[in-house]
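*Asks:* Protein sequences appear in the order of chains A, B, C and D.
Heads up: take any position in the first sequence, counting from 1, add 19, and you land on the numbering used here.
Heads up: take any position in the second sequence, counting from 1, add 19, and you land on the numbering used here.
Heads up: take any position in the third sequence, counting from 1, add 19, and you land on the numbering used here.
Heads up: take any position in the fourth sequence, counting from 1, add 19, and you land on the numbering used here.
Beta carbons are placed, not taken as given, at the ideal position from N, Cα and C, and that holds for glycine.
Remember, it's a predicted structure, so these values are computed and weren't measured experimentally.
Number of protein chains: 4
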Amino acid sequence: MSLARRFVLKLSCPDRVGIVAAVSHLVAKHQGWITEANHHADAMVGRFFMRLEILADSLPFNIEAFREQFALIADEFDMTWSVADSAQKKRVVIMVSRQEHCLYDLLARWHADELNIEIPCVISNHETFRGLVEWHGIPFHYVPVTPETKEASYEKIMDLFEENAGDVMVLARYMQILPPQMCEKYPGQIINIHHSFLPSFVGAKPYHQAYARGVKLIGATCHFVTSELDQGPIIEQDVIRIDHSDQPDDLVRYGKDIEKAVLARGLRYHLEDRVITFNNKTVVFR
Amino acid sequence: MSLARRFVLKLSCPDRVGIVAAVSHLVAKHQGWITEANHHADAMVGRFFMRLEILADSLPFNIEAFREQFALIADEFDMTWSVADSAQKKRVVIMVSRQEHCLYDLLARWHADELNIEIPCVISNHETFRGLVEWHGIPFHYVPVTPETKEASYEKIMDLFEENAGDVMVLARYMQILPPQMCEKYPGQIINIHHSFLPSFVGAKPYHQAYARGVKLIGATCHFVTSELDQGPIIEQDVIRIDHSDQPDDLVRYGKDIEKAVLARGLRYHLEDRVITFNNKTVVFR
Amino acid sequence: MSLARRFVLKLSCPDRVGIVAAVSHLVAKHQGWITEANHHADAMVGRFFMRLEILADSLPFNIEAFREQFALIADEFDMTWSVADSAQKKRVVIMVSRQEHCLYDLLARWHADELNIEIPCVISNHETFRGLVEWHGIPFHYVPVTPETKEASYEKIMDLFEENAGDVMVLARYMQILPPQMCEKYPGQIINIHHSFLPSFVGAKPYHQAYARGVKLIGATCHFVTSELDQGPIIEQDVIRIDHSDQPDDLVRYGKDIEKAVLARGLRYHLEDRVITFNNKTVVFR
Amino acid sequence: MSLARRFVLKLSCPDRVGIVAAVSHLVAKHQGWITEANHHADAMVGRFFMRLEILADSLPFNIEAFREQFALIADEFDMTWSVADSAQKKRVVIMVSRQEHCLYDLLARWHADELNIEIPCVISNHETFRGLVEWHGIPFHYVPVTPETKEASYEKIMDLFEENAGDVMVLARYMQILPPQMCEKYPGQIINIHHSFLPSFVGAKPYHQAYARGVKLIGATCHFVTSELDQGPIIEQDVIRIDHSDQPDDLVRYGKDIEKAVLARGLRYHLEDRVITFNNKTVVFR
């Protein structure tokens, strides 16, 4: 990431006249250089969404001062908002079971510094990938999950997430359902890849469901985890064409390519603060 | 269609050794020239599917003689089968309401002789397109459908289909639900375009459902009509990318482009005898 | 088009601090309601691009007054800019030869009032579509083009374009190469659909070129016409998958579906003033 | 790969009557169970292509005996042909430079036994990935390539390929141009991934070329290497949508996802003996 340091502002608020003017006036007053700007006004719900990237060095103050200044506007317009600093790498904790494709893919992107992240640790309910992860110099935690230990296991996982100061938890084909209280504790912080084109084929074995229905395309969905299974806000989706000659095993194989691509795109949008949620949906400023 | 005349054989039967050998031996014995051949063995259901195109002029007999000869093999292998003659244009009755896109699209293809069909008539529950259809020299029948007249209307439509010796009925965004007895009377003959990526968003207003769920792609599905709404065998599907800035009206507009393309492809597969149904699914030999 | 009347501002200028602030301040000062806003800063060429949609009724003055006010800002920032009025339907002159697919497609969209345009006339070097066009109540002009009459023919075409107060000329698979002086007379006003994924397969018979090379996808390109054949700024492109079984005639047939979809999307972007050209490339604010 | 052992026959020959009958008769005579069959007759070049998968255990003899029997038919029809044994894992030598994405992707598939291959070694002109490769238990050979050592380096590489009994050499973003004599020594055995949608943007820095031309989609091409740079038979291609906001670095990043997916698909087709070349083009029986 050779990009110059930026502050990334994202916000949403009730739509009205003057929002852009107020925000851009503040930035311009301090000679802030905007490198990227996106707006969206959703007429059906009367809400306005905005994202700005500003060159940090073009501003005469630091991020705390910027936040202080901005808070006045935010108050006036009743905004939900945040400002992130691109120099602050986000800390992504990866959860994985025994499927390799999303993990390898994320490690390759991390190795190439493509995502501007730190991976403080990988957590798994199997030992399968300890060697690979540790070879990358990343700590690996084996936390088995059984019906009896379930509660303790998720306590342990939440402790690890906290100890590692995680910003985002990625379920990289982690084949367990998180308990509701954990989902509710980290709203908008846990990202899952579901192996179907939601809302089709919720739940278990979606590729077998797809085979049984005889669909001609299969897909994958990257979404925020909420306490309702596979019902969270959708960040990204994609599909791939199949045909009658593909058996469920083929769908699983094709699906892996879509899953890792969709997860990586969705995660990237989130890491770059391009995603704003509202009403269980997302605005994604690509 | 400048292609030489062909006989198109399609079949399915329980899978076993010797099917291809038996069929191809019959064809070769009579010096039949095979221009296209497809096979599919579905291991999960133990069934074999096959399609052959044979140059009619390479055979020493006509289609009836071919059928007689073939019936012996078909019996031996317990085949469900048919032989079509490419010189016999299929007769396609189009059903339409007030949306223009699929109708214009089919008329353009008919005008360019792209589909090798005759359109003996267009039937509609509105007068909207009488002028356009009649300008093309195609009879137009206005058959209004109201709660009171429903039964008589569908009797009328079935009569028209019979009188016109229809082979296929195409619901080109015909916004009415056919009665079950009509669906059952013409199995594998009625083709619908549904404006969602089934099995998502069955029923009414799928684009509004898609907007409400916040999906990132929308789609369309071409399928055979059965008595269960939107549950028939899927012939073809496709999707198009949308984003948060698209309101339901935009989805409707984008969707039209997918609908007409998917309907045309699915219809073409069916007209060229490329589709074989089994277990409420299709094998499509493209 | 049931949308409320809007003014659409688009501009580009050298990038510097304060552009968005100046523009949005002007709009906010007059209580202008922004329904859509897009920005793009191209760091490699140091240029800024912007598009705003403003509710006309939210402003206290008409479009001329708005232009006067805006001219002051435009001067200060050295902008290339325009303001369009959505209530003013653009006048699209369609040029066609003997292929039907793009013409039918545009007429269907016009019939559904999907593009918010008027079609003052269709011009063709063949009589093929006179009946269809005139049935729609649109004047049809037959202007044959032969090597001898070429110069006079294009004079005639330019006269028709002027007499009809054309805003845009669409080459809907018009199989003639326009003379350079005509291309130069209407920069950014003539839109072509080329039947390949440019820059592959420039010039004649691109599908045959694609077949010869053995590519696995074919495409179409909507672009502004310049005096260099198939070298103008690209507005939109798309592709479709083919395989070894497809002969050149199949590619032509598949291609038609891509051509009409890509032309319609590209044209729509242009009609809605979403396209800004710079350095023989386009910014498309979708 | 839990599939039962199969013999895979592929062939091409001048088209004439009786080919399928002769081949399928031979198989049926010995009670051979065909699990997959594909045919293609290319009318423009008068050539016939065919691929069969036969359950090895259904035949009363081994692969050598099958080859002997088949040679008689092959002679009669002047076939170019081969029979492969699915129990014999193909040996894939991977060549890599400093880009990680294709290497990680192939290692993940190898780890999951998705491709049914052995990787006897990885060869690179950089030490970058020694650790990762060796962690997987795969030998790593560092063979630097400089203008002075070029000839000796490629001798060394060919020696390694021979010593390791390589069946396929994969250029997984190996950023060197192979010498013509090496390309000619292994026709149809060296597979490259080129980072553009060929024939557009041959040669160096295709993403920068794509940026300069302003295309709206970028692609990747998997092809057999021949002595003419980027001109070999194309096995697989795909594209991804970009827009004006993407700078060359973004194209490089997006491109990586397409490159690895296209390489993996193309390689898989080749490994499963689904690709037949003729006239610098491929038939791919997917």
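Suppose only complete runs of 4+ residues qualify. What are the alpha helix (DSSP H) ranges in the region 105–163 of chain C, listed by chain order?
*Replies:* Within the region 105–163 of chain C, the complete alpha helix (DSSP H) runs of at least 4 residues are 120–130 and 149–154.
*Asks:* Hey, quick one: how far does the alpha helix (DSSP H) through alanine 56 of chain B stretch, first residue to last?
*Replies:* Looking at the DSSP string, alanine 56 of chain B is not in any alpha helix (DSSP H); the run it does join, the beta strand (DSSP E), is 53–61.
*Asks:* So the candidates are B:Ile38, B:Asp292, B:Pro252 and B:Ala62; which of them puts its Cα closest to the Cα of glutamine 266 of chain A?
*Replies:* Ranking the options by Cα distance to glutamine 266 of chain A, first place goes to B:Ala62.
*Asks:* Cutting at 8 Å between CB atoms, please list the residues of its own chain near arginine 305 of chain C, excluding the five before and the five after it.
*Replies:* So the qualifying residues of the chain are Tyr288 and Arg293.
*Asks:* Starting from the C-beta of isoleucine 176 of chain A, find all residues in its chain whose C-beta is less than 7 Å away, skip the five residues before and the five after it, and write them out in chain order.
*Replies:* Taken in chain order, the residues that qualify are Ile142 and Val162.
*Asks:* What first and last residue would you give for the beta strand (DSSP E) that runs through glutamate 291 of chain D?
*Replies:* Note, glutamate 291 of chain D: premise wrong, no beta strand (DSSP E); not H, not E.
*Asks:* Identify whether proline 267 of chain B lies in helix, strand or coil by the three-state DSSP scheme.
*Replies:* DSSP places proline 267 of chain B in helix when its eight states are reduced to three.
*Asks:* Along chain A, in chain order, which residues have C-beta atoms closer than 7 Å to that of glycine 37 of chain C?
*Replies:* Within chain A, the residues near glycine 37 of chain C are Ala47.
*Asks:* Grab me the residues of threonine 99 of chain D's own chain with a C-beta within less than 6 Å of its C-beta, minus the 5 sequence neighbours each way, in chain order.
*Replies:* Cβ neighbours of threonine 99 of chain D beyond the five flanking positions: Ser31.
*Asks:* How is the alpha helix (DSSP H) around arginine 35 of chain C delimited, first residue to last?
*Replies:* Arginine 35 of chain C -> no alpha helix (DSSP H), and no H or E assigned at all.
*Asks:* Identify the contact partners of arginine 232 of chain A in chain D, using a Cβ-Cβ distance below 7 Å as the criterion.
*Replies:* None at all; the shortest Cβ gap to chain D is about 22 Å.
*Asks:* Per DSSP, what are the beta-bridge partners of asparagine 211 of chain C in this structure?
*Replies:* In DSSP, asparagine 211 of chain C forms a bridge with C:Leu190 and C:His242.
*Asks:* Using a C-beta cutoff of 8 Å, does tryptophan 52 of chain C count as contacting chain B?
*Replies:* No, tryptophan 52 of chain C does not count as interfacial toward chain B.
*Asks:* Taking Cβ-Cβ distances shorter than 8 Å, what residues in chain A pair up with alanine 280 of chain D?
*Replies:* Asp276 and Ala280, listed in chain order.
*Asks:* Between the beta-carbon of cysteine 121 of chain A and the beta-carbon of arginine 192 of chain A, is there less than 8 Å?
*Replies:* Against a cut-off of 8 Å, the Cβ pair of arginine 192 of chain A and cysteine 121 of chain A comes out as a contact.
*Asks:* Do you know offhand how far valine 258 of chain D's Cα is from isoleucine 237 of chain D's?
*Replies:* Rounded to the nearest angstrom, the two C-alpha atoms are 5 Å apart.
*Asks:* Glutamine 256 of chain C bridges to which residues according to DSSP?
*Replies:* For glutamine 256 of chain C, which the question treats as bridged, DSSP gives the partners C:Thr240.
*Asks:* Suppose you measure from the CA of glutamate 8 of chain D to the CA of glutamate 95 of chain D; what does that come to, to the nearest Å?
*Replies:* Because chain D in this structure spans residues 20 to 305, residue 8 of chain D falls outside the shown range and cannot be described.
*Asks:* My output table needs one value for lysine 29 of chain C: the three-state DSSP class, helix, strand or coil.
*Replies:* Lysine 29 of chain C: strand per DSSP, three-state reduction.
*Asks:* Just the C-alpha distance for valine 153 of chain A and phenylalanine 159 of chain A, rounded to the nearest angstrom, thanks.
*Replies:* Sequence check: residue 153 of chain A is glutamate here, not valine. One C-alpha to the other measures close to 6 Å.
*Asks:* Count the other C-beta atoms from every protein chain shown that fall within 10 angstroms of the C-beta of glycine 150 of chain D, then say buried if there are 16 or more, exposed otherwise.
*Replies:* Glycine 150 of chain D is exposed by the Cβ-count criterion.
*Asks:* Could you confirm whether any beta carbon from chain B is found closer than 8 Å to the beta carbon of leucine 126 of chain C?
*Replies:* Closer than 8 Å: yes.
*Asks:* Is the beta carbon of cysteine 202 of chain A sitting closer than 8 Å to the one on threonine 240 of chain A?
*Replies:* Not closer than 8 Å, so no.
*Asks:* Leaving out five residues on either side along the sequence, give the residues of the same chain with a beta carbon under 6 Å from the beta carbon of arginine 284 of chain C.
*Replies:* Closer than 6 Å at the Cβ level, and outside the excluded window around arginine 284 of chain C, lie Glu255.
*Asks:* Just confirm the distance between the C-beta atoms of tryptophan 52 of chain A and isoleucine 73 of chain A, as a whole number of angstroms; I'd bet it's less than 8 Å.
*Replies:* Contact holds; Cβ gap of about 7 Å.
*Asks:* Where do the ends of the alpha helix (DSSP H) carrying phenylalanine 96 of chain D lie?
*Replies:* Here the alpha helix (DSSP H) through phenylalanine 96 of chain D covers 82–96.
*Asks:* Identify whether lysine 169 of chain A lies in helix, strand or coil by the three-state DSSP scheme.
*Replies:* Lysine 169 of chain A falls in the helix class under three-state DSSP.
*Asks:* Over what stretch of residues does the alpha helix (DSSP H) that includes lysine 204 of chain A continue unbroken?
*Replies:* Counting along the chain, the alpha helix (DSSP H) containing lysine 204 of chain A begins and ends at 199–204.
*Asks:* Using the beta-carbon of each residue, which ones in chain C are nearer than 8 Å to serine 308 of chain A?
*Replies:* Nothing can be reported for residue 308 of chain A: it is not among the residues displayed for chain A, which extend from 20 to 305.
*Asks:* Start and end of the beta strand (DSSP E) containing arginine 24 of chain A?
*Replies:* Looking at the DSSP string, arginine 24 of chain A is not in any beta strand (DSSP E), and its letter there is neither H nor E.
*Asks:* Considering only DSSP beta bridges, list what tyrosine 69 of chain D is partnered with.
*Replies:* Inspection of the sequence shows that residue 69 of chain D is occupied by methionine rather than by tyrosine. BP columns for methionine 69 of chain D point to D:Leu30 and D:His58.
*Asks:* Output the boundary residues of the alpha helix (DSSP H) element that contains glutamine 228 of chain C.
*Replies:* Where glutamine 228 of chain C is concerned, the enclosing alpha helix (DSSP H) stretches over 225–232.
*Asks:* Can you list the residues of chain B that serine 264 of chain A reaches, using a CB-CB cut of under 8 Å?
*Replies:* The answer, in chain order, is His59.
*Asks:* Name the chain B residues whose beta carbon is nearer than 8 Å to that of tyrosine 123 of chain C?
*Replies:* Tyr123, Asp124, Leu126, Ala127 and His130, listed in chain order.
*Asks:* Are the Cβ atoms of asparagine 144 of chain C and valine 164 of chain C separated by less than 8 Å?
*Replies:* The answer is yes: Cβ separation under 8 Å.
*Asks:* Can the beta-carbon of glycine 222 of chain A be found less than 8 Å from the beta-carbon of leucine 248 of chain A?
*Replies:* Yes.
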